[in-house]
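Have a look at the structure below before the remarks.
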Amino acid sequence: MAARKINFYLGALSTMPDHQRLFGYIDKLTAMQRVFMEIAPPQLAQRCALGGFFEGNLTLCAHNGAIAAKLRQILPSLLLKFRARGYEVTAIRITVQANYRAMTGHEASANGPTGRRQIGQVGVESLIGLAAELPQSPLKEAVELLLKKQNGQEKES
119 MAARKINFYL GALSTMPDHQ RLFGYIDKLT AMQRVFMEIA PPQLAQRCAL
169 GGFFEGNLTL CAHNGAIAAK LRQILPSLLL KFRARGYEVT AIRITVQANY
219 RAMTGHEASA NGPTGRRQIG QVGVESLIGL AAELPQSPLK EAVELLLKKQ
269 NGQEKES
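When you read off a place in the sequence shown, starting at 1, and then add 118, the result is the number in my numbering.
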């Protein structure tokens, strides 16, 4: 079977009657996100995303409380700008939702220069004991390989 890109399958699903309503909603929300990126101040727009739109109620997800507070200050103008673009937004709700993608860069630097997690000394000792007790098997080989990588004796492939 030939490998296909996800867009092929999504395109096929979007034509099925059972999924047309969902894909219509996604298209509308995507268009509203583009409008939001145009009408909101860039420093705010980059740090939040649309969470949903139902019966005139729009939900904005801010990355932190400070962004949420700034958004609350400009809510009236956002409402007017959405209406001017043809969207029947009657209310905007702001929620705070952590941006986990931005946090991964911070975590990688905290996990060492390569960004890999390091096993503590007690964990290494436990793995050495486990490998010594295991009979020759794929599990034993995997544990030994993990220990070698942990000690920097083998480069990642």
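Just so you know, even glycine gets a beta-carbon here, dropped at the ideal spot from N, CA and C.
So, residue i versus residue j, is the Cβ gap smaller than 9 Å?
| i | j | result |
| --- | --- | --- |
| residue 139 | residue 176 | no |
| residue 237 | residue 245 | yes |
| residue 174 | residue 121 | no |
| residue 188 | residue 160 | no |
| residue 260 | residue 214 | no |
Using the Cα positions of residue i and residue j, report the straight-line distance between them to the nearest angstrom.
| i | j | result |
| --- | --- | --- |
| residue 124 | residue 154 | 26 Å |
| residue 152 | residue 135 | 26 Å |
| residue 133 | residue 150 | 22 Å |
| residue 216 | residue 142 | 27 Å |
| residue 145 | residue 130 | 15 Å |
| residue 170 | residue 202 | 19 Å |
| residue 253 | residue 180 | 52 Å |
Can you look up residue i in the DSSP assignment and give me helix, strand or coil?
| i | result |
| --- | --- |
| residue 207 | coil |
| residue 246 | helix |
Against chain C, with Cβ distances strictly below 9 Å, would residue i count as a contact?
| i | result |
| --- | --- |
| residue 162 | This model lacks chain C altogether; it includes just one protein chain. |
With a floor of 4 residues, list each alpha helix (DSSP H) that falls wholly inside the segment 125 to 203, ordered by position along the chain. 135 to 157, 160 to 163, 183 to 191, 193 to 202
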